[in-house]
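So the sequence shown is numbered by my numbering: it starts at 9 and just counts up by one.
From the three backbone atoms N, C-alpha and C, an ideal C-beta is built for every residue, glycine too.
Shown next, in structure tokens, is the structure this report addresses.
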Amino acid sequence: MAKAVASFGFESSIATTDSAIWGNLDVPVGEMVEYRGIPTIFFHSPRLRKYGYSNGLASWLDGHARDYDLLHIHGVFAHSSFVAMRVAKKYNLPMLVRPSGELESWCMNRNRILKRTAVRMMRRYLARASFHATCRKEAQSTRREIGDVPVYVIANGVNPPLDASLLDAQRGRHGASEDKTILFLSRIDPIKGLEHLIRAVKKLRAKRSDFSLLVAGSGPVEYERRLKKISVDLGLDGCIQFCGHLDNHKKWEALKEADLFVLPSHSENFGIAVAEALYMGVPVIITKDVGISADVLEYEAGVISDREPGSLARAIDGLLTDEDRRRRMGENARRLARDRYVWNVIGNRLADYYRTLMEPIHG
Numbered sequence: 009m010a011k012a013v014a015s016f017g018f019e020s021s022i023a024t025t026d027s028a029i030w031g032n033l034d035v036p037v038g039e040m041v042e043y044r045g046i047p048t049i050f051f052h053s054p055r056l057r058k059y060g061y062s063n064g065l066a067s068w069l070d071g072h073a074r075d076y077d078l079l080h081i082h083g084v085f086a087h088s089s090f091v092a093m094r095v096a097k098k099y100n101l102p103m104l105v106r107p108s109g110e111l112e113s114w115c116m117n118r119n120r121i122l123k124r125t126a127v128r129m130m131r132r133y134l135a136r137a138s139f140h141a142t143c144r145k146e147a148q149s150t151r152r153e154i155g156d157v158p159v160y161v162i163a164n165g166v167n168p169p170l171d172a173s174l175l176d177a178q179r180g181r182h183g184a185s186e187d188k189t190i191l192f193l194s195r196i197d198p199i200k201g202l203e204h205l206i207r208a209v210k211k212l213r214a215k216r217s218d219f220s221l222l223v224a225g226s227g228p229v230e231y232e233r234r235l236k237k238i239s240v241d242l243g244l245d246g247c248i249q250f251c252g253h254l255d256n257h258k259k260w261e262a263l264k265e266a267d268l269f270v271l272p273s274h275s276e277n278f279g280i281a282v283a284e285a286l287y288m289g290v291p292v293i294i295t296k297d298v299g300i301s302a303d304v305l306e307y308e309a310g311v312i313s314d315r316e317p318g319s320l321a322r323a324i325d326g327l328l329t330d331e332d333r334r335r336r337m338g339e340n341a342r343r344l345a346r347d348r349y350v351w352n353v354i355g356n357r358l359a360d361y362y363r364t365l366m367e368p369i370h371g
């Protein structure tokens, strides 16, 4: 995102912590370094890493925020987000808050009392912010939770595969007489609805056997073990392959070989894996709870289905059977991704909005 707006005249820096799910990143802390092509300063998060807690980051923001014309804040409930909002208000700086899915119903309903309390405590900061939603659905959830605030919808972008041969028009799709590949590619978590898809495969297997499901992703060990056991108990171990996390190149290879992409999520503020599938021309089957489902409907780039296994099975069966429809949806998918999910388009729109927010200070 920072690279995208740089093409339109904006210099950006990133201030963040070294926190990661598994511990702390092995990065220099307390000094500005170039990280993935962008000036970045990391601060140590000694505890509460999940919430980006860092006194060092808070002190640095208070001392350096006035060096910048705007703060683009990613997240709502992190300590780093809170201190950035507080500093923006203190120095009367424009701020753009990207909720990153944290205001979606699924997320708000987990620890709801705590989160509603946090929203009330931050109301004086949130009320003066503008918001960056990645889709219309997220814009609606933002207004539902925060109130009548300015919300600008700018999608996330796809980082294309480095190997251009993966974009070859002669794709690895399978013909009418060949077995088809259904791809689930995401982290493995109850929110993703994978169990519903496994049960849909069981229903569909009673009707046809010319397909397999590739599950790409990883998650909590116990939950993965449970899903694999369900697959075995349903007699599906021969047609469902759990391949674990895929590196970037193998991910794009899997997308190239896929005939369908299915993600029956309970909630996705955007759905970057879906956007990547669309970029590769793969028709998608998703739920209405995936943020970009409205785009998919508009472009006829896939099917919006219920999570219920019978509905999923019917949607998959319909697209596996109708090769012409699958091909048309694949062409529409590619067009949608290039119209809305490429970084030069996103950078241009975001730069325009930055200028709008800065007008009061630059005149």
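Inset, instruction - Please indicate yes or no: does the CB of VAL209 lie closer than 8 Å to some heavy atom of the ligand FAD? - result: Within the structure as shown, the ligand FAD is missing, as the structure has no ligands at all.
Legend entry - Member of TYR61, ALA10, PRO291 whose CA lies at the smallest distance from the CA of THR48: Comparing alpha carbon positions, the residue from TYR61, ALA10, PRO291 closest to THR48 is ALA10.
Legend entry - Three-state secondary structure assigned by DSSP to GLN178: Any reading at GLN178 needs caution, since the residue's pLDDT is 49, under 50, leaving its predicted position unreliable; the model's value is listed next. Assigned with DSSP and collapsed to three states, GLN178 falls in coil, not helix or strand.
Inset, instruction - Report the residue from LYS58, TYR76, LYS97 whose alpha carbon sits nearest the alpha carbon of PHE85. - result: Out of LYS58, TYR76, LYS97, LYS58 has the C-alpha closest to the C-alpha of PHE85.
Inset, instruction - Taking 9 Å as the cut-off, decide whether the C-beta atoms of LEU320 and ILE293 are in contact. - result: Yes, they are a contact pair.
Inset, instruction - Consult DSSP for SER149 and reduce its assignment to one of helix, strand or coil. - result: Helix, per DSSP.
Legend entry - Terminal residues of the alpha helix (DSSP H) in which GLU203 lies: Residues 202 to 213.
Legend entry - Host beta strand (DSSP E) of ILE248 (start-end): Residues 248 to 252.
Inset, instruction - Measure the alpha-carbon distance for LEU69 versus ASP197 and round it to whole angstroms. - result: The alpha-carbon separation between LEU69 and ASP197 amounts to approximately 34 Å.
Legend entry - Residues that HIS80 bridges to, as DSSP identifies them: LEU104.
Legend entry - Residues near THR25 in its chain [Cβ-Cβ closer than 8 Å; skip 5 each side]: Correct list, in chain order: PHE50, PHE51, HIS52, SER53, ARG57, GLY60, TYR61, SER62, LEU65, SER88.
Inset, instruction - Would you kindly check if the distance between the Cβ of SER194 and the Cβ of SER301 is under 9 Å? - result: Not in contact: SER301 and SER194 (Cβ atoms no closer than 9 Å).
Inset, instruction - State yes or no: is the C-beta of LEU174 within less than 9 Å of the C-beta of TRP260? - result: A Cβ-Cβ contact shorter than 9 Å links LEU174 with TRP260.
Legend entry - Simplified DSSP assignment, three categories, for THR364: Three-state DSSP puts THR364 in a helix.
Inset, instruction - Can you tell me the Cβ-Cβ gap for ARG315 and THR295, rounded? I've got them flagged as a contact below 8 Å. - result: Contact check for ARG315 and THR295: beta-carbon distance about 6 Å, within the 8 Å limit, so the pair qualifies.
Inset, instruction - Please confirm whether ALA208 and GLY310 have their CB atoms less than 9 Å apart. - result: Result no, Cβ atoms of ALA208 and GLY310 do not sit closer than 9 Å.
Legend entry - C-beta neighbour in chain C for ARG74, strict 9 Å: Protein chains in the displayed structure number just one, and chain C is not present.
Inset, instruction - Please work out which residues of its chain come closer than 6 Å, Cβ to Cβ, to ARG334, disregarding the five sequence neighbours upstream and downstream, and give them in chain order. - result: When the five nearest sequence neighbours on each side are left out, the beta carbons in the same chain lying within less than 6 Å of the beta carbon of ARG334 are those of PRO291, LEU327, in order along the chain.
Legend entry - Element boundaries [beta strand (DSSP E), containing ALA281]: Element bounds for ALA281: not the beta strand (DSSP E) but the alpha helix (DSSP H), 280 to 287.
Legend entry - Straight-line Cα distance separating THR142 from SER275: The C-alpha of THR142 is placed about 14 Å away from the C-alpha of SER275.
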